[in-house]
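The structure appears below as structure tokens.
In the numbering used here, the protein residues as written are -1 to 107.
Put into structure tokens, the structure is as follows:
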């Protein structure tokens, strides 16, 4: 089964007012998830955003997931996201085929 990757962004920490702007996002808590049927793995973190540019500011109510994802990926870099995805893939592979297992001694069976 193919692995599906997704982003979850929650919470968004906002500054109620900055100059003439309101509800300015200053921090994004993110989670990158990978799922493959019964197996799943995730990694999470947080990014801090710089000061907003009033010329291209988006009101909080108008933010979209792709926009916030663009901020996060831009700050993490695509190379870092690729490393996270590889780690998630390895985690799921290890769940499918554990490299080490615990076994009861044969005399206790």
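For every residue, glycine included, the Cβ atom is placed at its ideal position computed from N, Cα and C. From a predicted model like this one, the values you see are computed outputs, not experimental measurements.
Inset, instruction - Classify residue 72 as helix, strand or coil using the three-state DSSP reduction. - result: As a position in the chain shown, residue 72 is number 74, starting the count at 1. Of the three classes helix, strand and coil, the one that applies to residue 72 here is helix, per DSSP.
Legend entry - C-alpha distance - residue 44 paired with residue 93, whole-angstrom precision: Counted from its first residue, the chain shown places residue 44 at position 46. Counted from its first residue, the chain shown places residue 93 at position 95. Going by the C-alpha atoms only, they are around 26 angstroms apart.
Legend entry - Validate contact between the segment 87 to 107 and the segment 29 to 36 using beta carbons, cut 8 angstroms, 3 pairs: yes
Inset, instruction - Express the C-alpha separation of residue 98 and residue 64 in angstroms, rounding to a whole number. - result: In the chain shown, the residue the question calls residue 64 occupies position 66. In the chain shown, the residue the question calls residue 98 occupies position 100. Cα to Cα, the separation comes out at about 39 angstroms.
Legend entry - Proximal residues to residue 46 (C-beta, below 6 angstroms), its chain only, five neighbours per side dropped: Counting from 1 along the chain shown, the entry for residue 46 is found at position 48. Counting only Cβ-Cβ distances below 6 angstroms, and skipping sequence neighbours, we find 25.
Legend entry - residue 8 in three-state terms, based on DSSP: The residue you call residue 8 lines up with position 10 of the chain shown. If DSSP states are grouped into helix, strand and coil, residue 8 belongs with the strands.
Legend entry - Simplified DSSP assignment, three categories, for residue 20: To locate residue 20, count along the chain shown from 1; it is residue 22. Three-state result, residue 20: strand.
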